[in-house]
Amino acid sequence: MDDLRQDAESLLTKTSLSDGVDRRDFLKVALGTGFAAAALPVVAQNVIKTDTAGLVAGTITLTVDGVQVPVYRAQPEGKTNLPVILVVSEIFGVHEHIADVARRFAKLGYLALAPDLFVRQGDPQKAASIAELQRDIISKTPDAQVMADLDATVAWAKANGGNGDKIGITGFCWGGRITWMYAAHNPSIKAGVAWYGRLMGDSTPVTPRHPVDIAGSLTVPVLGLYGLKDTGITQDSIAAMKAALAKGPNKAVFVVYPNSGHAFHADYRASYVEADAKDGWTRLQAWFKQNGVI
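This is the structure:
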């Protein structure tokens with residue numbers, strides 16, 4: 001629920017476009033229709049658009065436990081033995097911004113894969129409201145299912161030109177929490193970068209544990225990128241996570257940006273903070289290089 005609340009607070013700020021682009025038309029192209037297209041504020045001049053020149057990019061489909069799971073794939077054309085990055089979306093699913101992030105990784109030489117981890121529960125972009133999105137999709141997406149889908153994505157990567165010894169993961173908000181959790185689930189991951197992912201929460205059948213619960217046994221190095229002004233992910237929760245990590249073997253690092261709140265990397269939203277997003281992206285690249293992903 002905290003993931004959803006933070007995205008809602010970020011999204012419901014009114015924003016106008018300064019370049020004459022109609023906000024709703026832009027979103028129909030970028031994100032589809034439904035709740036996301038109706039409510040997301042967009043600052044069009046900030047939106048990063050990464051082309052596909054020199055890339056193979058598009059959607060592939062995996063079969064996981066009899067279910068067809070779409071995965072957005074981007075990679076350099078004609079190359080194999082590529083380092084692999086799993087890109088885990090916000091609560092709004094694999095829309096154009098997440099696909100663009102995958103293309104950015106591909107331009108850096110990675111095989112980037114962004115699976116639709118909500119496919120069994122529904123399409124977040126078609127939810128009519130935040131309440132519906134939470135009730136019908138987010139609250140019904142079990143961690144165990146997500147871990148299995150990511151496992152299948154890793155298996156596909158290994159069989160299709162990816163280097164199984166060089167796999168990293170990154171994710172945003174909901175996906176930031178999943179980054180911590182998958183790093184604990186799959187210790188063969190070389191490194192993770194969690195962008196403002198929730199660290200604590202109630203134990204439920206869907207989310208029985210949270211990052212603070214697995215911190216003591218975590219061996220995969222994770223870089224956590226957070227905003228000081230994030231009202232949902234408090235500094236107390238970050239302190240609790242650091243204390244839990246200190247009891248185990250992990251060498252996680254936190255960077256807290258004093259001028260940012262939640263979703264500061266999301267260039268299509270009013271929450272975007274360009275300087276911190278760029279700094280985080282630079283730190284991400286250095287972290288993956290330092291920890292043997294590339």
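230 is the number that full-length UniProt numbering gives to position 230 of the sequence shown; each next residue is one higher, with no gaps.
No residue lacks a Cβ here, since even glycine has one placed at the ideal position from N, Cα and C.
Values in this document were obtained by computation on a predicted structure and should not be read as measured data.
Within a Cβ cutoff of 6 Å, which residues of the same chain sit near residue i, ignoring the five residues on either side of it in sequence?
| i | result |
| --- | --- |
| Val29 | Since pLDDT at Val29 reaches only 34, below the 50 mark, its modelled position is unreliable, and the value read off the structure follows with that caveat. Answer for Val29: no residue qualifies. |
| Asn81 | Asn163 |
| Leu108 | none |
| Gln290 | none |
| Leu117 | Val146, Asp149 |
| Pro221 | Ala191, Lys251, Asn291 |
Of all the options the options, which has the alpha carbon lying nearest to the alpha carbon of residue i?
| i | options | result |
| --- | --- | --- |
| Gln145 | Ala128, Ile178, Lys158 | Ile178 |
| Thr63 | Met241, Thr52, Val154 | Val154 |
| Gly175 | Gly54, Asp267, Leu86, Gly292 | Leu86 |
| Phe92 | Lys247, Asp165, Val119, Ala239 | Val119 |
| Pro258 | Ala277, Lys79, Ala74 | Ala277 |
| Tyr226 | Val255, Gly122, Met200 | Val255 |
| Leu245 | Pro211, Tyr272, Asp267 | Pro211 |
| Arg73 | Thr59, Gly66, Asp65 | Thr59 |
| Trp287 | Lys242, Val273, Ala252, Ile238 | Ala252 |
| Gly161 | Gly280, Lys79, Arg269 | Lys79 |
| Asn46 | Asp279, Asp213, Trp281, Tyr268 | Tyr268 |
| Gln75 | Thr52, Glu90, Thr61 | Thr52 |
| Thr204 | Gly192, Trp180, Ser139 | Ser139 |
| Thr282 | Glu90, Arg104, Lys247 | Arg104 |
| Leu55 | Ala112, Pro208, Glu90, Ile233 | Ala112 |
In its own chain, which residues sit with a C-beta less than 7 Å from the C-beta of residue i, not counting the 5 before and 5 after it?
| i | result |
| --- | --- |
| Asp100 | Ile48, Lys49, Thr50 |
| Lys166 | Pro83, Val84, Lys190, Gly292, Val293, Ile294 |
| Pro142 | Val206 |
DSSP three-state call for residue i: helix, strand or coil?
| i | result |
| --- | --- |
| Gln145 | helix |
| Pro205 | coil |
| Ile91 | coil |
| Pro70 | strand |
| Leu150 | helix |
| Leu111 | strand |
| Gln121 | coil |
| Gly292 | coil |
| Leu82 | strand |
| Pro211 | helix |
For the beta strand (DSSP E) that residue i lies in, which residues bound it at each end?
| i | result |
| --- | --- |
| Ile167 | 162 to 172 |
| Pro249 | Run containing Pro249: none; DSSP gives neither H nor E here. |
| Pro258 | Here Pro258 belongs to no beta strand (DSSP E), and DSSP marks it neither H nor E. |
| Ala194 | 191 to 195 |
| Leu223 | 222 to 227 |
What is the residue span of the alpha helix (DSSP H) that residue i lies within?
| i | result |
| --- | --- |
| Ile60 | Ile60 -> not in any alpha helix (DSSP H); beta strand (DSSP E) instead, spanning 55 to 64. |
| Ala128 | Looking at the DSSP string, Ala128 is not in any alpha helix (DSSP H), and its letter there is neither H nor E. |
Check the C-beta distance from residue i over to residue j and give it rounded, since I have them as a contact under 8 Å.
| i | j | result |
| --- | --- | --- |
| Phe184 | Leu218 | A quick correction: the sequence has Ala, not Phe, at residue 184. Contact holds; Cβ gap of about 5 Å. |
| Phe172 | Trp156 | Going by Cβ atoms, the distance from Phe172 to Trp156 rounds to 22 Å, so no, they are not a contact pair. |
| Asn250 | Ala215 | 7 Å |
| Leu284 | Leu223 | 7 Å |
| Pro115 | Val67 | The Cβ separation is near 11 Å, so there is no contact. |
| Gly192 | Gly168 | 7 Å |
Who are the Cβ neighbours of residue i in its own chain at under 8 Å, not counting the five residues just before and after it?
| i | result |
| --- | --- |
| Met200 | His210, Pro211, Val212, Ser237, Ala240, Met241 |
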